[in-house]
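There are 2 protein chains.
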Amino acid sequence: MENNNKLSGFKAWALFGGSMVVVFGLGLLTSALMERRAEVASLFNNRKNMMTGEKIHPQNEDFRSDFPREYQTWRKTEETSFESKYNSSEAVDVLAQRPEMVVLWAGYAFSWDYTTPRGHMHTIEDMTRTLRTGAPDTETTGSNQPGTCWTCKSPDVPRIMQEKGIAEYYKANWAMWGNEIVNPLGCSDCHDPETMDLRISRPALIEAFQRQGKDITKATPQEMRTLVCAQCHVEYYFRDDPATPEKDQYLTFPWDKGFTVEDIEAYYDETGFYDYIHALSKTPILKAQHPGFETCKMGIHGQRGVGCADCHMPYMNEGGVKFSDHHVQSPLNKMDRTCLVCHRESEETLRQNVYERQEKVFDVRNQVEKELAKAHIQAKYAWDNGATEEQMKETLALLRKSQWRWDFAVASHGASFHAPQEVTRILSHSLEYALKAQVEITRTLAKLGHLEEVPMPDISTKEKAQQYLGLDMAGKVAAKEKFLQEIRPKWLEDARAKGKVRDDAYTTVTL
Amino acid sequence: MENNNKLSGFKAWALFGGSMVVVFGLGLLTSALMERRAEVASLFNNRKNMMTGEKIHPQNEDFRSDFPREYQTWRKTEETSFESKYNSSEAVDVLAQRPEMVVLWAGYAFSWDYTTPRGHMHTIEDMTRTLRTGAPDTETTGSNQPGTCWTCKSPDVPRIMQEKGIAEYYKANWAMWGNEIVNPLGCSDCHDPETMDLRISRPALIEAFQRQGKDITKATPQEMRTLVCAQCHVEYYFRDDPATPEKDQYLTFPWDKGFTVEDIEAYYDETGFYDYIHALSKTPILKAQHPGFETCKMGIHGQRGVGCADCHMPYMNEGGVKFSDHHVQSPLNKMDRTCLVCHRESEETLRQNVYERQEKVFDVRNQVEKELAKAHIQAKYAWDNGATEEQMKETLALLRKSQWRWDFAVASHGASFHAPQEVTRILSHSLEYALKAQVEITRTLAKLGHLEEVPMPDISTKEKAQQYLGLDMAGKVAAKEKFLQEIRPKWLEDARAKGKVRDDAYTTVTL
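Set out below in structure tokens:
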């Protein structure tokens, strides 16, 4: 009995002592938190470059001393090291991996050159190097693309828009802005330079919201962690106002009817819009850009309110300061700060879960690319053998539907994980329409007296596929080289002379 | 200063007092837990029906007094009330909802009659009532099905196996066991009657594990909460040993190469097995049964170790005793005890998540059923117009692949939720093969001089589709009624006289 009492006494004191320790710990924690908040406040109140009243500040290096952590992690986007078994450390030639895509894009610049995307630091470099932007022969003309193409590449874009007007910026020749757009995608694209608040710098997103009756300035901070990305990682097109004779090439998001593949198709079908006429099948093709925002909304992470930045720019700690990692990359590269924040499984388990979703999507995608390329080739055979427009009408409608779905499903790169079931569903229908087109063509060819299978060209490599299309790739490469050696350096020189870019900027060093 | 000291003193006392309350609460909790365990132990040690040494005890009512909670919830399976927008409170005529299925199963009893499944209490009733089991004209002969068909329907099955031998049980005529199989699926199917431990009562699962080199007796209790269900909710077939002249109809799980739709197809293809020859297209068809276990393993719940019982038989509390709810049903019916155990979202959100997954699957499934039915009809047209076996070979191979995938994806009912992406992937390939078959048939027909689209019969209702197949449905219904009125009551009378079924059993009351 006495023993029990002693024990109880000891327990009570232990409890009391323990409580004191806990309270002391809480005090320390509160102090540390307050110190940390003070440090962040001090950073903002003592900036060396105040940028007061500035709406856009393109030189990323000017932010370096005030925001060293964000700047340094942003500089790391120079390295493109995806920790995924489907990506290597350098840009991969996708056309070499999947040569059917050369056929799918026949008649469009993507059939010349298409590689996996690299980090934000490479926006200017990669855009000038790709064959798709052509080879300007003077300083302001000669590209086959409009100014619109630069829109997602640099904080110089909103500056030019401010200086020259939005419409004027879009409709100029791509080469027109070569000596203006020199700073790669950076700080001022997503942040107000004065307050560093997240803000939308590109008009297309604001306008799309307005047409849907929504005010983007009402977005919450968490929504902004997705919406700043949605300025670029979306489906868009270059709209020409049918009321004006010249080409406007006005960057527009086709969201007026909704965000699904069917909603956006209905939007385009209403005006009969197409990006190009397919060189083999003569189909009016819709080229999907990269509907990352749209597809992400249809997956469980998007539906649960996870923002782009939560996984692609996770928080990190350094010197007592918590900040967003600006080395935007695959979340599989830093799973301890991404997946594991919510999921309790091992890294290896989660990684395999991701791969499994991707593999199931690729399983269907590969069949689509094979059958859709085949259908385009068969359609050309039908045309060549005298098929009439009336006979081909249904086939072309089916091919348009099939290709739109395929491209929507694959173009955003991440969709196979962001919304695996939706993407598999979309690809099912793509495969369905490609094969229905084959049924149509088979019947049409039979009516024209051709009963055997259509002979297939050898498209087993990128080169063979490009040769089949009769593309002068050597000529395109030579012209590009000439441009890179003769015109491109003048653009940069001019920009430096005008103070548009600092001597320590990434582009200045590499271009 | 003095005030502060007073406050600290008050805080210390509050902390001390609070701790005392917590400790007192812990004591109460421990006591309650111990009492509860004692109650459960007491239940087991003081059974009124000890069933010592019994391996099987078919009369479910004999368990009632010892396990009233489990028995009462099991009795509730009499009610089939799915809280899903895709299920109504009664068995639904699926053929009436989707008449293409009549065409898909042409040449097989499923084209006569197929309804949504009802609860475990209805196993005997539904099996005797369905047109698929035919209309025995004597007490032991006349069905078109073997004894094997009863295997999942009653705890009388392992009893007969014990008494007559497994092989003898399978190969008898279905009618042979009509006066023996009288207790609906119940206690002894999953529990050892003496210890009430979960155990496997059916040989097919044990044998499948053995062929894979696994010992099912090594399964953990949590694994058993899935494996007892996997005795029945799986893909299986009736195997005939090619070495023996008579039909064995030996229930076999085709898992030797793995669990995926491709693995199981490879297993069947190896021996050229088929369930029936399609009445229209002459395709050797693989009829999928209900691969719930296999598909569930391919979804995230299965991969995370969630057992069937966790969602379909969740724990509940009554009178201080925790037990498994034996009213097996849709987890959407009791979300507070199923989904919400792990997920923190609202019931409404989770319900919509489930529906969204199902709708995406159904979107593809509906296209498959339309195009595959069309392909079978087109194939018949080709045969009717003189196509040769050589010309139809590729078409039949494609139709077999397509139909196997379709049936595997839809037959288990839950797969659209259990593994939504895998099921969408499987259906994509089903659609692919159905349309490739259409391409083949189109070319074959063209070679036979038929250049126009194949005329389609009206299969817009179940009745019209059955009429198209030339089925004598009135004759089948009349024969069934005669059997139910003349033969069926004798079976039950005989069973009662022999003491095989108690007077208060569900079947005794309803049949």
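If you read the protein sequences in the order shown, they are chains A and B. Just so you know, we're using our numbering here: the first sequence kicks off at -15 and counts up by one. Just so you know, we're using our numbering here: the second sequence kicks off at -15 and counts up by one. Note that beta-carbon positions come from the ideal geometry of N, C-alpha and C, so glycine has one too. None of these values were measured; they are calculated from a predicted model.
Alpha carbon of D323/A to alpha carbon of L324/B, nearest angstrom: Inspection of the sequence shows that residue 323/A is occupied by Cys rather than by Asp. Computed Cα separation, rounded: 21 Å.
Span separating the alpha-carbon of T379/B from that of C213/A: Each residue's alpha carbon lies about 48 Å from the other.
Coarse secondary structure for V352/B, derived from DSSP in three states: If DSSP states are grouped into helix, strand and coil, V352/B belongs with the helices.
Segment contact, 8 Å Cβ cut-off, at least three pairs: the stretch 256 to 269 of chain A with the stretch 192 to 206 of chain A: When Cβ pairs closer than 8 Å are counted between the two stretches, the stretch 256 to 269 of chain A is seen not to touch the stretch 192 to 206 of chain A, the count staying below three.
Under 7 Å from the C-beta of K431/A: neighbouring residues of chain B: Chain order gives the chain B residues near K431/A as L435, where near means a beta carbon separation below 7 Å.
Interface flag, Y70/B vs chain A, CB-CB below 9 Å: Low confidence applies here, because Y70/B scores a pLDDT of 45, under 50, leaving its location unreliable; read the following figure in that light. No, its Cβ sits nowhere closer than 9 Å to a Cβ of chain A.
Residues, ordered as in the chain, of the stretch 342 to 374 of chain A that lie near chain C by beta-carbon distance below 7 Å: Protein chains in the displayed structure are A and B, and chain C is not among them.
Residue burial classification, G170/B (beta-carbon count within 10 angstroms, cutoff 16): Label assigned to G170/B: buried.
Cβ pair count under 8 Å reaching 3, the stretch 239 to 250 of chain B against the stretch 72 to 88 of chain B: A contact between stretches requires three or more CB pairs, one per stretch, nearer than 8 Å, and the stretch 239 to 250 of chain B fails this requirement with the stretch 72 to 88 of chain B.
Within-9 Å CB hit, Q405/B to chain A: By this cut-off, Q405/B is an interface position.
Range covered by the beta strand (DSSP E) that runs through L324/B: Counting along the chain, L324/B falls outside any beta strand (DSSP E), though it belongs to the alpha helix (DSSP H) covering C323 to C326.
Nearest residue (CA-CA) to T125/A, options K155/A, P142/A and D97/A: Of the residues K155/A, P142/A and D97/A, the one whose Cα lies closest to the Cα of T125/A is K155/A.
Given S412/B as reference, the closest of P275/B, E45/B and Q351/B once Cα atoms are compared: It is Q351/B whose Cα lies nearest to the Cα of S412/B.
Span separating the alpha-carbon of Q336/A from that of K385/B: K385/B has its alpha-carbon roughly 28 Å from the corresponding atom of Q336/A.
Whether E109/B touches T494/B by CB criterion (9 Å): Yes; because the gap between Cβ atoms is below 9 Å, this pair is in contact.
DSSP-derived helix/strand/coil call for R223/A: Three-state DSSP puts R223/A in a strand.
9 Å Cβ cutoff met for A540/A and I410/A: The structure shown does not extend to residue 540/A, since chain A is modelled only from -15 to 495, so the question has no answer here.
Three-state secondary structure assigned by DSSP to T57/A: Note: T57/A maps to helix in three-state DSSP.
Proximity test, Cβ basis, 9 Å: V423/A and chain B: Contact with chain B is found for V423/A, since one of that chain's Cβ atoms lies less than 9 Å from the residue's Cβ.
With 16 other Cβ atoms within 10 Å as the buried cut-off, status of F467/B: The residue is buried, with at least 16 neighbouring Cβ atoms inside 10 Å.
8 Å contact criterion, which L432/A and N369/A should meet: CB distance rounded: About 5 Å separates the Cβ atoms of L432/A and N369/A, confirming a contact at the 8 Å cut-off.
Chain A contact residues for L476/B, given Cβ-Cβ distances below 9 Å: Within chain A, no residue has its CB atom less than 9 Å from the CB of L476/B, the nearest being about 47 Å off.
Beta-ladder partner(s) of Y260/B, from DSSP: As computed with DSSP, Y260/B is found in a beta bridge with I269/B.
At least three beta-carbon pairs within less than 8 Å, the stretch -2 to 6 of chain A to the stretch 434 to 447 of chain A: The stretch -2 to 6 of chain A, when compared against the stretch 434 to 447 of chain A, does not touch it at the 8 Å Cβ threshold.
Counterpart residues of F307/B in DSSP-defined beta bridges: In the DSSP assignment, F307/B forms a beta bridge with M300/B.
Beta bridge counterpart(s) of D77/A as assigned by DSSP: Paired residues: T99/A.
Reduced DSSP secondary structure (H/G/I, E/B, other) of Y234/B: Of the three classes helix, strand and coil, the one that applies to Y234/B here is strand, per DSSP.
Secondary structure of N30/B, DSSP reduced to three states: Looking at N30/B - three-state DSSP - the assignment turns out to be coil, as it is neither helix nor strand.
Among L435/B, G91/B, E62/B and T100/B, the one whose alpha carbon lies nearest that of A80/B: Of the candidates L435/B, G91/B, E62/B and T100/B, the one whose C-alpha sits nearest the C-alpha of A80/B is T100/B.
Interface positions of the stretch 411 to 422 of chain A facing chain B (Cβ-Cβ less than 8 Å), listed along the chain: Of all residues in the stretch 411 to 422 of chain A, L411, S412, H413, L415, E416, L419, K420 and Q422 have a Cβ within less than 8 Å of some Cβ in chain B.
Contact list for T426/A against chain B, beta-carbon separation under 8 Å: Contact annotation for T426/A against chain B: V423, T426, R427 and A430 [CB-CB distance below 8 Å, chain order].
Residue environment, G37/A, which counts as buried when at least 16 other CB atoms sit within 10 Å: It counts as exposed.
7 Å Cβ cut-off: residues of chain B touching T408/A: For T408/A, the chain B residues whose C-beta falls within less than 7 Å of its own C-beta are Q405, T408, R409 and S412, listed in chain order.
Supposed close pair I144/B, W161/B - CB separation, criterion 8 Å: I144/B to W161/B, Cβ: 6 Å. Contact.
CA nearest to the CA of T267/A, picked from I361/A, T228/A, F346/A and K474/A: Closest option to T267/A, Cα to Cα, is I361/A.
Neighbourhood of P83/A by C-beta, 8 Å cutoff - its chain only, sequence neighbours within 5 removed: Contacts found: I443, S444, T445, K446, K448 and A449.
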